[in-house]
Every structure is written in structure tokens, then in C-alpha cells.
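Undergrad: Numbers in the working numbering are just positions in the sequence shown, counted from 1, shifted up by 4.
Yeah, the Cβ is synthetic: ideal placement off N, Cα and C, and Gly gets one too.
No experiment lies behind these values; they were computed from the predicted model shown.
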Amino acid sequence: MRHFLAIAALLLATQVHALTADEVKGITIGETDSRIEALAKAMATPDDKTAAFLQAMSEDAVKVAGGKVLMVKDDTALDPVTNAEQALPADAEDVINNNRMRGEIDSALAALKLFSKDDTMRAAAVKQLQSDADESKLPLIEKALAAEQNPAIKDQLGMVRAAALLNSADKTKRLEAAKLLATSVQANTKTMLLARLAREPDSETKAALGNALRQVESTLAWGDKLGALFSGISLGSILLLVALGLAITYGLMGVINMAHGELMMIGAYATYVVQGLFQKYLPGAFDWYLLAAVPVAFLAAALMGAALERTVIRFLYGRPLETLLATWGISLMLMQLVRSIFGAQNVGVENPSWMSGGVQVLGNLSLPFNRLVIIGFALFVLATVSWLISKTRLGLFVRGVTQNRPIASCMGVNTARIDTYAFALGSGIAGLAGCALSQVGNVGPDLGQGYIVDAFMVVVLGGVGQLAGTVYAALGLGILNKFLEGLTGAVLAKIAVLVFIIIFIQKRPQGIFAMKGRSAEA
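1. Let me know if Val363 comes out buried or exposed under the rule of 16 or more other beta-carbons within 10 Å of its beta-carbon.
2. Who are the Cβ neighbours of Leu484 in its own chain at under 8 Å, not counting the five residues just before and after it?
3. Output the boundary residues of the beta strand (DSSP E) element that contains Met75.
4. Just the Cα atoms here: how many angstroms apart are Arg39 and Ala112?
5. To the nearest whole angstrom, what separates the beta carbons of Phe427 and Ala304, a pair I think is in contact under 8 Å?
6. At the level of alpha carbons, what is the spacing between Gln132 and Ile109?
7. Quick one, which of Thr406, Met105 and Val66 has its alpha-carbon nearest Pro93's?
8. Quick check on the burial criterion: 16 or more other C-beta atoms within 10 angstroms. Buried or exposed for Leu15?
9. Applying the criterion that 16 or more other CB atoms from any shown protein chain within 10 Å of the CB defines a buried residue, is Val457 buried or exposed?
10. Only counting runs of 4 or more residues, tell me where the alpha helix (DSSP H) segments fall wholly within the segment 115-203, in order along the chain.
11. Going by other Cβ atoms of all chains shown within 10 Å of its Cβ, with 16 needed for buried, is Cys439 buried or exposed?
12. Is the segment 379-397 in contact with the segment 242-249, if contact means three or more CB pairs nearer than 8 Å?
13. Terminal residues of the continuous alpha helix (DSSP H) containing Leu488?
14. Let me make sure I understand the geometry here. Which of Ala202, Phe119, Thr195 and Gln219 has the alpha-carbon closest to that of Leu161?
15. Only counting the same chain, and skipping five residues up and downstream in sequence, which positions put a Cβ closer than 7 Å to that of His7?
16. Below 8 Å on the Cβ atoms is my contact criterion, and I expect Trp332 with Met262 to pass it. Report the Cβ-Cβ distance as a whole number of Å.
17. Quick check on Tyr476: buried or exposed, where buried means 16 or more other Cβ atoms within 10 Å of its Cβ?
18. Would you mind giving the Cβ-Cβ distance between Leu250 and Ala412, rounded to the nearest angstrom? I have them listed as a contact below 8 Å.
19. So, helix, strand or coil for Ala10, using DSSP?
20. Find the nearest neighbour of Gly380 within the set Ala151, Ala437, Asp228 and Phe319, judged by alpha-carbon distance.
21. Any idea if Arg375 is buried or exposed, counting beta-carbon neighbours within 10 angstroms, 16 or more meaning buried?
22. Would Val259 and Thr327 be called neighbours here (beta carbons separated by less than 8 Å)?
23. By how many angstroms is the C-alpha of Leu213 removed from the C-alpha of Ala166?
24. Are at least three pairs of beta-carbons, each pair with one atom in the segment 71-90 and one in the segment 140-150, less than 8 Å apart?
25. Does the contact criterion of 3 or more C-beta pairs under 8 Å hold for the segment 415-432 versus the segment 220-238?
26. Can you give me the Cβ contacts of Leu9 inside the same chain, cut-off strictly under 6 Å, excluding the 5 residues immediately before and after it?
27. Can you give me the C-alpha to C-alpha distance between Gly480 and Leu149, rounded to a whole angstrom?
28. Is the beta carbon of Leu371 closer than 8 Å to that of Val365?
29. Whole-angstrom Cβ separation of Thr419 and Val405, contact assumed at under 8 Å?
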């Protein structure tokens, strides 16, 4: 029997009496109300046989023959009370459980799992009980609360106890529940309080419930605001990754590269290829494929960028319209190339296990690990690029060529080579952005089209050639966009952000940070 005894060890501390034949019949035979009443009676003092029997009920592995109840698995029948094997009668009929009965059985099983030694199982049981706790389960909940050692689970279990007290016939218990639930950070607490408030006859209790409801709504409102802030920072970090490469190719070099989004796409597909190689040749190390994909994505996009600069773009410096048209054509060619190799459909890129899940801060605020990792990755890339541009020999040459190409050439700088290096660097950063985007969205031939306009807006708003301005603009636009989405919706928020940028550029054409020195005078 696969699951009949799976929960047998969970209730050693709670055994009071053995499951009786009358309880078994009461749970399986009769009207739903009487069956639920019998289930509540059995749950008051459950034992391991109760758990095994309810598990069998949940799996539709219980039959009735001649008034006798049997648990059945693979043509083997067991008596729920004695666990003795029985002959399975040919006329045995299945026990039918409607949705209401199934909900009660699932809730009872969750209550039994409160005594598991596994923290994850207990936490899942508490979460399931939050929405359907009632006074009949109160003795079991209080017993589990007294035995619980994990502080986080203990707090959540306290909220489940309060939810069970909320529907009590005792006014004192309802008042206690209102006081406890006022401190809750769970989103479903508001629903429970509203439901109880609608049918509460006592004025004193009604006032206490109303006060608790206001406190919960205030907490949830803060959760919504913090959630919008986190979403804005998350979007801003993605815009920052996308715009950093463009800040070099457009901001420092003056190249309007409409293929920048397709260089991101190349980085995302490079991540997909590395994932496939790990799945085929290194399945045991799959969780680390993303670390290998980061340099691969950078190199793939950087090499493509260097090839574009050497074959096309170097002939178009100082000719912005021709550069725009040429790179737009290149972007169409790259998209078609990817369609020919990988197909037109999106491909799946999985998160490593260490990027799955998240941190539950409030009942309505969860911080996904993949978003947190991308925020940290964006800051790391920003710090690396800043150090590269300001502290290294390559960065010195890039700044020199940007500010005054003829003088840099007279000083012995190979300006053509520096152009290639700088464009490859910007393209490689676009590849890193594609690698990061593969962890939060779909990877397809059109991946870059959704970000290229936003990336240009970030660079222009921040100030051409200014990395600091790129950071401020990316985070500012991300946060502004998410807060406006909560007020106006996604479409109107996008329009409002665009109007804001247009007005800002009209008033301050140089962006947030103006370029200084000879380059500003050129």
C-alpha cells in the first residue's frame, strides 16, 4: 500500500485512541453533513490509522461492501481499523466524495501534516489550512502550535488558530481572533475578515473586526507599494543592462545601432545553447550552466559586434542616417538567421534551482530569486564597466578617441582598433543583457524589439556618454513606469513615460548629466 501508512509516523505525540469502525462508517456512508461531522469527531483525537484512512479516501482507494468499509490497492483490501487483509467482494462499490467532502478531507490531511518533521511539509500544511480553518480543527491546531519550534511556522500557525477562532460561537473567542488577525500580513486575512464582518451580529465584535480589517488593509497597502518599488527596481536593472551596451556604442561612439536588440537576442540564444549542452553532456551540473553561459553570451555578442563594426559600421562613422538604416537592415538579417537555425517559435530557458522560488516578505509581497540575482548582476556589470572605462588603458584610449580622435591618433593610438574594441565591448554587454533576460522572459527571434526603444530613451534621458546618467535614468524610468501602471494601466503608463521624456528633453536637451570638456563643444 503506497500511501496508506505514509503519514503513520506523524501523530505519535497525539495518539489518544484508535480509529473505530463506527468512525470509519460515519466518514464514508451517509449524507455529506453527517460524514463531515463524523470526520470532525475523528479528527479531535486522531491516530496513525486515521491518517492512513484519510489518505486512502483522498486517493479514491476506499470501497464499501455489505456495510463493511475497506481500503483497496492493487486488488488487496485492508480493514482500516485492524489493518488486516480482507477478501475483496465482487460487489464492492466505490465511496463517492463530492467537492465539499474532498475539501474537508484535504483540510484534515493538512492538519495531520502539522506534526511532520519536515519544515517544508508543515509550512505547506499551514498554508493550506489558512483558507479553511474551522473550530473543529482547533484542538489539533493548538496541539501543533504548542509543539512547533520553527518561529516562522509558529507565527503562521498562530494566524491559522485565529482564523479558526473567528467563526466560533463564543464572542470572547471571536474578539481574540480579531485582535490576533489585526497583525496578520496575509492577503487572504482581508477576505476572511470581510466575510465574517458581513454576518457578525454583535456590535462590539463588529467594531473589533472593522478595526482589524483597517490594520490589515494598511499593511497590505504597504505591501503593494513595496511590491511596485521592487518591480520598478527590477525593471530598471533590466533596462540598465540593456542600455549599458548602448551607452558605449551610441553614447560614447555616436553610432545609432538599431541592431543592439538583436545582439541581446544572440546572448539569449547563446544561453539556450549552453543549457542544451549541459542537459546533454553534464546533467549532474545543470544548476551551474548559467555561470558558464555568462562568458559565452558575452563572447558571442562581442564577436558579432566586432564583425559588424569591421565590415559595415566603420565606413559609416559621422553619417547617422546611413548608420541607422544599415543597422536596421542588419537587425532584420540577424532575426531571420535565428529563425532559420532555431525556428520561429520561442525556446525554453530554465532557471537553475538556486534561482527558483523567492523570499516571502509580506503576505502580498514576494521577492523572486531570479529578479534578485538579476539586480545583483546588473550592479556587478555596471561596476565592471565603470572600472573598465575609468581605470584601464583601454578605457583611457576609448575616452581619448571619443573626445578628440585626431589628437588621439597623433599620440599613437590606433583609433580603428579602439573603435572595434569599444563596439565589441558594447555588443558583449548587450549579450549579457540577453543572458539575464532569458531568466525572466521568453527567448525568441523578436526578443530585442521590445527593449531597443526603451534603451535609447534611457541613454538620451541620462545624458549621452554618461554612465551615471544611464543608471539614474534606467532606475527612474523603471520605478516611474511600475507606479504609473498601478494607477493607469500598462498602456497609459507607457504613454505617460514617453510624454514625460519628450517634455524633459525639450527643457534639458543634454539629459540628466551634461557632457563636459571638448567633446561637449564639438
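TA: This is what the structure gives:
1. As a first step, residue 363 must be located in the sequence shown, where it is residue number 359. With fewer than 16 other Cβ atoms from the protein chains shown falling within 10 Å of its own Cβ, Val363 counts as exposed.
2. The count along the sequence shown starts at 1 and reaches residue 484 at position 480. Within the same chain, and ignoring the five residues on either side of Leu484 in sequence, the residues whose Cβ sits closer than 8 Å to its Cβ are Gly236, Val501 and Phe504.
3. Residue mapping note: residue 75 aligns to position 71 of the sequence shown, counting from 1. In the DSSP assignment, Met75 falls within the beta strand (DSSP E) that extends over Lys72 to Lys77.
4. Position 35 of the sequence shown, counted from the start, is the residue given in the question as residue 39. Position 108 of the sequence shown, counted from the start, is the residue given in the question as residue 112. Approximately 13 Å, taken between the alpha carbons.
5. Taking the sequence shown and counting its residues from 1, one reaches residue 427 at position 423. Taking the sequence shown and counting its residues from 1, one reaches residue 304 at position 300. About 15 Å separates the beta carbon of Phe427 from that of Ala304, a gap too long to meet the 8 Å contact definition.
6. Looking up residue 132 in the sequence shown gives position 128. Looking up residue 109 in the sequence shown gives position 105. So the two alpha carbons sit approximately 12 Å from each other.
7. Position 89 of the sequence shown, counting from 1, holds the residue named residue 93. Selected option, being the one with the closest Cα: Val66.
8. On the sequence shown, position 11 is the one that residue 15 refers to. Confidence in Leu15 is poor, its pLDDT being 39 and thus under 50, which makes the residue's placement unreliable; the coordinate value appears in the next sentence. When all chains shown are included, Leu15 counts as buried.
9. Here residue 457 is taken as the residue at index 453 of the sequence shown, counted from 1. When all chains shown are included, Val457 counts as exposed.
10. You should have 123-133, 142-151, 155-170, 175-185 and 191-203.
11. Position 435 of the sequence shown, counting from 1, holds the residue named residue 439. Cys439 comes out buried.
12. The segment 379-397 makes contact with the segment 242-249; the number of CB pairs closer than 8 Å reaches 3 or more.
13. Along the sequence shown, one-based indexing puts residue 488 at 484. Taken as a continuous stretch (DSSP letters only), the alpha helix (DSSP H) holding Leu488 covers Leu471 to Thr492.
14. Residue 161 sits at position 157 when you count from the first residue of the sequence shown. If you compare the alpha carbons of Ala202, Phe119, Thr195 and Gln219 with that of Leu161, the shortest gap goes to Phe119.
15. Working through the sequence shown from its first residue, we reach residue 7 at position 3. Residue confidence for His7 is low, a pLDDT of 38 falling below 50, so the modelled location carries little weight; the figure read from the coordinates is stated next. Excluding positions up to five away in sequence, the list reads Gln59 and Glu63.
16. For the purposes of this step, residue 332 is taken as the residue at position 328 of the sequence shown. For the purposes of this step, residue 262 is taken as the residue at position 258 of the sequence shown. The pair is a contact, with the Cβ atoms about 4 Å apart (cut-off 8 Å).
17. Translated into the one-based positions of the sequence shown, residue 476 becomes position 472. Counting C-beta atoms within 10 angstroms of its own C-beta, Tyr476 has 16 or more neighbours from the protein chains shown and is therefore classed as buried.
18. By one-based count along the sequence shown, residue 250 stands at place 246. By one-based count along the sequence shown, residue 412 stands at place 408. Going by Cβ atoms, the distance from Leu250 to Ala412 rounds to 23 Å, so no, they are not a contact pair.
19. For the purposes of this step, residue 10 is identified with residue 6 of the sequence shown, where counting begins at 1. Since pLDDT at Ala10 reaches only 38, below the 50 mark, its modelled position is unreliable, and no value is offered.
20. Numbered from 1 along the sequence shown, position 376 holds the residue referred to as residue 380. Considering only alpha carbons, the answer is Ala437.
21. Within the sequence shown, the letter at position 371 stands for residue 375. Answer is buried; the Cβ neighbour count reaches 16.
22. Counting from 1 along the sequence shown, the entry for residue 259 is found at position 255. Counting from 1 along the sequence shown, the entry for residue 327 is found at position 323. Yes, Cβ-Cβ distance for Val259 and Thr327 is below 8 Å.
23. In the sequence shown, residue 166 corresponds to position 162, counting from 1. In the sequence shown, residue 213 corresponds to position 209, counting from 1. Here the alpha carbon of Ala166 sits roughly 12 Å from the alpha carbon of Leu213.
24. Segments in contact, no.
25. The segment 415-432 makes no contact with the segment 220-238, as fewer than three CB pairs between them are under 8 Å.
26. Position 5 of the sequence shown holds residue 9. Its pLDDT being 33, under 50, Leu9 is placed unreliably by the model, and the measurement read from it follows with that caveat. Ala56, listed in sequence order.
27. Here residue 480 refers to the residue found at position 476 of the sequence shown. Here residue 149 refers to the residue found at position 145 of the sequence shown. Between the alpha carbons of Gly480 and Leu149 lies a distance of about 45 Å.
28. On the sequence shown, position 361 is the one that residue 365 refers to. On the sequence shown, position 367 is the one that residue 371 refers to. Contact check for Val365 against Leu371 passes: the beta carbons are separated by less than 8 Å.
29. Position 415 of the sequence shown, counting from 1, holds the residue named residue 419. Position 401 of the sequence shown, counting from 1, holds the residue named residue 405. So it is a contact: roughly 5 Å between Cβ atoms.
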